[in-house]
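Worksheet for the structure shown next.
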Amino acid sequence: MSDKTHLVDEITGHRRMRRNRKADWTRRLVQENRLTVDDLIWPIFIVPGTNIVDPIKAMPGVNRMSVDKAVEAIKEAADLGIPAIAPFPDVEMEKRDPTGSEILQRDNLINLFTSAAKKAVPNIGIITDVALDPFTSHGHDGIMRDGIIVNDETVDQVARAAVLQADAGADIIAPSEMMDGRIGAIRRALDSAGHQDVGIMSYATKFSSGFYGPYREAINTGGLLKGDKNSYYISPANATEALRDAALDVDEGADMLMVKPGLAYLDICWRMKEAFGLPTFAYQVSGEYTQIKAAAMNGWIDGDRIMMETLLCFKRAGCDGILTYFAIEVARKLGRS
Ligand code: PBG
Numbered sequence: 001m002s003d004k005t006h007l008v009d010e011i012t013g014h015r016r017m018r019r020n021r022k023a024d025w026t027r028r029l030v031q032e033n034r035l036t037v038d039d040l041i042w043p044i045f046i047v048p049g050t051n052i053v054d055p056i057k058a059m060p061g062v063n064r065m066s067v068d069k070a071v072e073a074i075k076e077a078a079d080l081g082i083p084a085i086a087p088f089p090d091v092e093m094e095k096r097d098p099t100g101s102e103i104l105q106r107d108n109l110i111n112l113f114t115s116a117a118k119k120a121v122p123n124i125g126i127i128t129d130v131a132l133d134p135f136t137s138h139g140h141d142g143i144m145r146d147g148i149i150v151n152d153e154t155v156d157q158v159a160r161a162a163v164l165q166a167d168a169g170a171d172i173i174a175p176s177e178m179m180d181g182r183i184g185a186i187r188r189a190l191d192s193a194g195h196q197d198v199g200i201m202s203y204a205t206k207f208s209s210g211f212y213g214p215y216r217e218a219i220n221t222g223g224l225l226k227g228d229k230n231s232y233y234i235s236p237a238n239a240t241e242a243l244r245d246a247a248l249d250v251d252e253g254a255d256m257l258m259v260k261p262g263l264a265y266l267d268i269c270w271r272m273k274e275a276f277g278l279p280t281f282a283y284q285v286s287g288e289y290t291q292i293k294a295a296a297m298n299g300w301i302d303g304d305r306i307m308m309e310t311l312l313c314f315k316r317a318g319c320d321g322i323l324t325y326f327a328i329e330v331a332r333k334l335g336r337s
């Protein structure tokens, strides 16, 4: 019997990683993570009016939609099996003021959309944000007094806004404004209004990031914003602080956690999932979407492939799901394969 052992067998001790990769069927058999339609949350932009589908220049393929058009769009999302949406309003400029008081109007744009959506498409989850930035004249997420974003007054307001959003039919409140104590305050407010079943997805670790640029164009806050959000968002340099911030949210009663932005913060996703074991989501934000789209439109990268790869990587990093502007595209693609 001739010995066919090769030098490589001696080097590796007869172990060969490529055996499991040799054919499509072995690769499928050993695949550790998968992206499914159940992993997708679709962020959408709502504008006042009717019959409006208005392309957002910095986000090719993404539109601002009036309530009627958005309801049609989420019907398709529900039919594709997408579990939830996250609507953001582009509020009329004349309704924005220094305290974001419009968020406390029961029939404001976001609440109008939520109640219409709930009625028309009851089988899709609605996750609403209570940050004040779509409603403030300065583009900040909180109330500004003497140039400072005041914590406690903002918390009172977002807790009241959360109750109004839940009254309108929101299933999950996702506060993104990073004020201290907001999760506990929102939980108490929801419970005392009888909304024990409304969950809280904390934007637990929201970093002060350049990746939000196109979103600010989408809801027209970019031009308004004076200064930066460094006094309330987390520095991209800090991971331990991010974990500690998330721990407080867990203590205060968050049902789910989110990391935002996504791809540049996969280490945080992994550490949060390991540390708390709560359902953990990443927000693939506007700038991440735009980078992929722009390069693909120039023919410089394979956009479809990178869309699927980045989303799969969130799963590998421990995420239970992803908020992504690609949701519809991905759901269609997964439905086809
Ligand atoms: C603010 C908010 C931001 C996003 C959603 N809500 C960040 C910001 O403007 O500072 C970003 C979403 C995205 O970039 O896709 N509460």
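For the sequence shown, full-length UniProt numbering begins at 1 and goes up steadily by one. For glycine and all other residues, C-beta sits at the position ideal for the given N, C-alpha and C.
Through-space distance from Ala-77 to Val-62, alpha-carbon basis: 14 Å
Simplified DSSP assignment, three categories, for residue 357: Residue 357 lies beyond the range of the chain shown here (1 to 337); nothing can be said about it.
Close beta carbons around Arg-187, own chain, < 8 Å, minus the five adjacent residues each side: Ile-200, Glu-252 and Gly-253
Closest residue to Val-163 among Ile-148, Asp-191 and Gly-139 (Cα-Cα distance): Asp-191
Cβ shell of Gly-210 (< 7 Å), same chain only, five flanking positions each side left out: Gly-287
For Asn-51: DSSP bridge partner residues: Asn-51 pairs with nothing; no bridge assigned.
Heavy atom of the ligand PBG within 7 Å of Arg-96 beta-carbon: no
Within the region 35 to 115, ranges of the beta strand (DSSP E) (whole runs, at least 3 residues): 40 to 47, 53 to 55, 63 to 66 and 84 to 89
Backbone CA spacing between Asp-180 and Ile-149 [nearest angstrom]: 12 Å
Within 8 Å, strictly: CB atoms of Phe-276 and Asp-320: no
DSSP state of Gln-31 mapped onto helix, strand, coil: coil
Check: Ser-192 C-beta below 7 Å from any heavy atom of the ligand PBG: no
Contact under 8 Å by Cβ, Ile-183 with Asp-228: no
Residue from Ser-137, Met-144, Glu-153 and Gly-169 whose Cα sits closest to the Cα of Ala-117: Gly-169
Spatially closest choice to Ile-234 from Thr-205, Ile-328 and Lys-226, by CA coordinates: Thr-205
Integer-rounded CB distance, given that Ala-174 should sit under 8 Å from Tyr-203: 6 Å
Alpha carbon of Asp-97 to alpha carbon of Leu-224, nearest angstrom: 11 Å
Any non-hydrogen atom of the ligand PBG closer than 7 Å to Gly-277 Cβ: no
Contacting residues, own chain, Cβ-Cβ under 7 Å from Asp-267 (five flanking each side not counted): Ala-239
Assigned exposure category for Asp-38 - 16 Cβ within 10 Å defines buried: exposed
Ranges of the beta strand (DSSP E) found wholly within the region 246 to 323, counting only runs of at least 3: 256 to 260 and 280 to 284
Contact under 8 Å by Cβ, Tyr-232 with Met-59: no
Per-residue burial, Ile-11 [other beta carbons within 10 Å of its own, 16 or more giving buried]: exposed
Residue from Ala-317, Thr-5 and Asp-141 whose Cα sits closest to the Cα of Ala-264: Ala-317
Arg-216: CB within 7 Å of a non-hydrogen atom of the ligand PBG: yes
Contact with chain C by Ala-159, beta-carbon distance below 8 Å: Going by chain labels, chain C is absent from the structure shown, which holds only one protein chain.
Of the listed residues Tyr-283, Arg-145, Leu-334 and Asn-108, nearest to Arg-305 (C-alpha basis): Leu-334
Proximity test, Lys-229 beta-carbon vs the ligand PBG heavy atom, cut-off 7 Å: yes
From Ser-176, Lys-75, Ala-166 and Ile-110, residue whose alpha carbon lies closest to that of His-140: Ser-176
Residue closest to Asn-111, alpha-carbon to alpha-carbon, out of Ala-161, Ala-120 and His-138: Ala-161
Nearest residue (CA-CA) to Ala-166, options Met-178, Gly-147, His-195 and Met-144: His-195
Rounded C-alpha distance that separates Ile-322 from Tyr-283: 6 Å
Rounded straight-line distance, which links the Cα of Asp-171 to that of Ile-126: 5 Å
Same chain only: Cβ atoms within 6 Å of Leu-311, ignoring 5 sequence neighbours per side: Leu-35 and Ile-322
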